[in-house]
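> Structure in structure tokens, see below.
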Amino acid sequence: MFLVYTTLEVKLGTSAKSGVCPVGDGMWHCLMAPKAQTCSRHRPVCQLGANYGVSEAPRSFDSLTAIHRAIMAFIFHYASLSKVPLSAFAPPPHCFPNMDSPFSESPKSKDSPKLPDTTDTMSPPTQHPDFWFYDGSIILSVHTTMFRVHQTILSNHSEFFAGLFTVPQPSGEAVIDGCHVVPLYDKVEDVVDLLKAVYDPSHFDSLPPEAELDPLLDFISGILHLSTKYVIRSLRQRCISLLSSKFPTTFKAYNTKVASSTHERFKSDSVMRAINLARENEVLEILPYAYYCVARTKATCLVGRERLQWAEMSMSHSFLLAFQRSPQCQSLLCAHARGPHAEWHVLEAAKAPNPLRQYTRWYQLNVCPECVAHCQSEHLKGRKEVWDKLPDFFEMPTWDELKST
Numbered sequence: 001m002f003l004v005y006t007t008l009e010v011k012l013g014t015s016a017k018s019g020v021c022p023v024g025d026g027m028w029h030c031l032m033a034p035k036a037q038t039c040s041r042h043r044p045v046c047q048l049g050a051n052y053g054v055s056e057a058p059r060s061f062d063s064l065t066a067i068h069r070a071i072m073a074f075i076f077h078y079a080s081l082s083k084v085p086l087s088a089f090a091p092p093p094h095c096f097p098n099m100d101s102p103f104s105e106s107p108k109s110k111d112s113p114k115l116p117d118t119t120d121t122m123s124p125p126t127q128h129p130d131f132w133f134y135d136g137s138i139i140l141s142v143h144t145t146m147f148r149v150h151q152t153i154l155s156n157h158s159e160f161f162a163g164l165f166t167v168p169q170p171s172g173e174a175v176i177d178g179c180h181v182v183p184l185y186d187k188v189e190d191v192v193d194l195l196k197a198v199y200d201p202s203h204f205d206s207l208p209p210e211a212e213l214d215p216l217l218d219f220i221s222g223i224l225h226l227s228t229k230y231v232i233r234s235l236r237q238r239c240i241s242l243l244s245s246k247f248p249t250t251f252k253a254y255n256t257k258v259a260s261s262t263h264e265r266f267k268s269d270s271v272m273r274a275i276n277l278a279r280e281n282e283v284l285e286i287l288p289y290a291y292y293c294v295a296r297t298k299a300t301c302l303v304g305r306e307r308l309q310w311a312e313m314s315m316s317h318s319f320l321l322a323f324q325r326s327p328q329c330q331s332l333l334c335a336h337a338r339g340p341h342a343e344w345h346v347l348e349a350a351k352a353p354n355p356l357r358q359y360t361r362w363y364q365l366n367v368c369p370e371c372v373a374h375c376q377s378e379h380l381k382g383r384k385e386v387w388d389k390l391p392d393f394f395e396m397p398t399w400d401e402l403k404s405t
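Sequential numbering from 1 applies to the sequence shown in UniProt numbering.
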């Protein structure tokens, strides 16, 4: 290494004043030279660092050897002391054909757009037009929007704010018109929805009873999120009731829902959105039926789909696959009836398993009334069993445990 530095010092010292690199192309050729090639001007450098063939040129300076990095560091140091332009040490273009020179400014850095300076362009705080009451006693600051509302109203609805307002505020806290400013790190639109529900008891009446799932989720998502966060139990329960109207939590409610003339068929994306909202806000009791809807329609839910197919075959519709005569049956024809088995094939050909679906094609069984009544009883018992085990199909706690949370 001493020999390398000595050679460079002697060579650079001879013509540094001229501003021209005395090493010139020779040193770069030496750095890039194949092993068989020699360099008479800088033989020590060539012998120590000639590890690359011309076709094996390093693509970046990180791949150079320690010797090469030491040489480069010396050139930078010498140039800074002698005030020699770094461009004088630039390698010939053919030495690094696929790499920008380290001595020149990258075109990307010249052309890349600079991030705007937002320190001077940040919007000043604004008063919300609907929730700035001049007799308000507390100011909620949400980003650049401010809400002047009533401390007592928030305290009566929210256990969180009731506890917050009992704590003495530090003397350094911001105060506007005698009102303490409480910063909230929520979405402005969610706070607006929450305050509408707090100040207007009829707010939920503005949602049509027959509203589809997506509009319903738009309506309640902000309220549910903030009522959960700030412990507003009454509003949270209203949101859960609306979700339960779409995703029932009892077998009776499910039967009422599917029997309704306005029974809605959900889109998979809408159901996934409801699932995410429920999981984020601990509304776990709607998840079993929501998962059921997704498993029926989405082929990617393989485990849930297979379990529903098994439940349909072994529980709710087993009377078709393994038909058994009623103990009160007096007809010998029922023992050889082919109707149940044929109906099972019709059910099996359906695209999606639906073990909770109520079977209604009793006349297709071609069996006696006693056997029909027996099949109806077995069918109802099997559907109830499917409902009870629905959380278990998706590896969740029981219905009672889900509702207790």
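The beta-carbon is built from N, C-alpha and C at its ideal position, and this holds for glycine as well.
If distances are taken between C-alpha atoms only, which option among D190, E173 and P168 comes closest to T145?
It is D190.
> Can you list, in chain order, the residues of its chain whose CB lies under 6 Å from that of C375, leaving out five sequence neighbours each side?
For C375, where only same-chain residues beyond five positions count, the Cβ hits under 6 Å are F319.
> Unbroken alpha helix (DSSP H) runs of length 4 or more, entirely within the region 266-344: which are they?
Qualifying alpha helix (DSSP H) stretches, in chain order: 268-280, 287-297, 302-311 and 318-321.
> Which residue comes first and which comes last in the beta strand (DSSP E) that contains R148?
R148 -> beta strand (DSSP E) spans T145 to V149.
> Return helix, strand or coil for D218, following the three-state DSSP convention.
Reduced to three states, the DSSP call for D218 is helix.
> Find the nearest neighbour of F394 within the set C293, H341 and L365, judged by alpha-carbon distance.
Nearest of C293, H341 and L365 to F394, Cα basis: C293.
> Just to confirm, is the Cβ distance from residue 418 to S331 under 8 Å?
This structure leaves residue 418 out entirely; the chain is present only between 1 and 405.
> Go ahead and pull the three-state DSSP assignment for S63.
Only weak support is given to the placement of S63: the predicted model assigns it a pLDDT of 47, under 50, and the question is left unresolved by the model.
> Using three-state DSSP, classify C371 as helix, strand or coil.
DSSP places C371 in helix when its eight states are reduced to three.
> Taking the C-alpha atoms as reference points, what is the distance between K257 and S244?
Those two C-alpha atoms are separated by around 10 Å.
> What would DSSP say about I138, mapped onto helix, strand or coil?
In the structure shown, I138 sits in a strand (DSSP, three-state: E or B).
> Could you tell me whether the region 179-187 touches the region 141-161, where touching means 3 or more Cβ pairs closer than 8 Å?
With the cut-off at 8 Å, the region 179-187 and the region 141-161 touch.
> Can you find the residues in the same chain that come closer than 6 Å, C-beta to C-beta, to W344, ignoring five residues on each side of it along the sequence?
So the list reads L320 and L321, once near-sequence residues are dropped.
> State buried or exposed for T121, treating a residue as buried only when at least 16 other CB atoms are found within 10 Å of its CB.
Since pLDDT at T121 reaches only 44, below the 50 mark, its modelled position is unreliable, and no value is offered.
> Would you please state the rounded distance, in angstroms, between the beta carbons of F133 and R148? I believe it to be under 8 Å.
Sure, about 6 Å apart at Cβ, within 8 Å.
> Please list, in chain order, all residues of the same chain as N281 whose beta carbon is under 7 Å from its beta carbon, the five residues on each side excluded.
Here the set comprises L224, H225 and T228.
> Answer yes if the region 263-273 comes into contact with the region 208-222, meaning at least three C-beta pairs across the two stretches below 8 Å, and no otherwise.
Result yes; three or more Cβ-Cβ pairs closer than 8 Å.
> Can you tell me which of the three DSSP states residue 435 falls into?
The structure shown has nothing for residue 435, since the chain only spans 1 to 405.
> If the criterion is Cβ atoms closer than 8 Å, does the pair V188 and H157 meet it?
Contact flag unset, no.
> Please tell me whether G136 and C179 are closer than 8 Å, where the distance is taken between their beta carbons.
Taking 8 Å as the Cβ cut-off, G136 and C179 qualify as a contacting pair.
> Bridge partners of H180, per DSSP?
Bridge partners of H180: I138 and V175.
> Starting from the C-beta of T405, find all residues in its chain whose C-beta is less than 7 Å away, skip the five residues before and the five after it, and write them out in chain order.
Cβ within range, chain order: E282 and L284.
> Compute the Euclidean distance between the alpha carbons of K389 and P125, then round it to the nearest angstrom.
Looking at the two C-alpha atoms, the distance is approximately 53 Å.
> So which of L402, K252, K246 and I275 has the shortest CA-CA distance to T262?
For T262, the nearest C-alpha among the options comes from K246.
> Is the beta carbon of G382 sitting closer than 8 Å to the one on Q364?
No, the Cβ-Cβ distance between G382 and Q364 is not below 8 Å.
> Roughly how many angstroms lie between the CA atoms of P391 and Q309, to the nearest whole one?
In a straight line, the C-alpha of P391 is about 15 Å away from that of Q309.
> What does the alpha-carbon distance come out to for the pair L347 and P327?
Their backbone Cα atoms lie some 26 Å apart in a straight line.
> I'd like to know whether the C-beta atoms of A274 and L217 end up nearer to each other than 8 Å.
Cβ distance < 8 Å, so A274 and L217 count as in contact.
> According to DSSP, is Q47 part of a helix, a strand, or is it coil?
Any reading at Q47 is ruled out, since the residue's pLDDT is 38, under 50, leaving its predicted position unreliable.
> Kindly indicate the opening and closing residues of the alpha helix (DSSP H) around Q237.
From DSSP, the alpha helix (DSSP H) with Q237 extends over R233 to K246.
> What are the start and end residues of the alpha helix (DSSP H) that includes W399?
Here the alpha helix (DSSP H) through W399 covers W399 to S404.
> Does D388 come out as helix, strand or coil in the three-state DSSP assignment?
In the structure shown, D388 sits in a helix (DSSP, three-state: H, G or I).
> Buried or exposed: where does A36 fall if 16 or more other Cβ atoms within 10 Å of its Cβ makes it buried?
Because the pLDDT of A36 is 41, which lies under 50, any placement of that residue in the model is unreliable, and the number read from its coordinates should be weighed accordingly. Under this definition A36 is an exposed residue.
> Cα separation between A295 and R361?
Going by the C-alpha atoms only, they are around 25 Å apart.
> Output yes or no for whether 8 Å exceeds the beta carbon distance between P355 and E312.
Yes, these two residues count as a Cβ contact at 8 Å.
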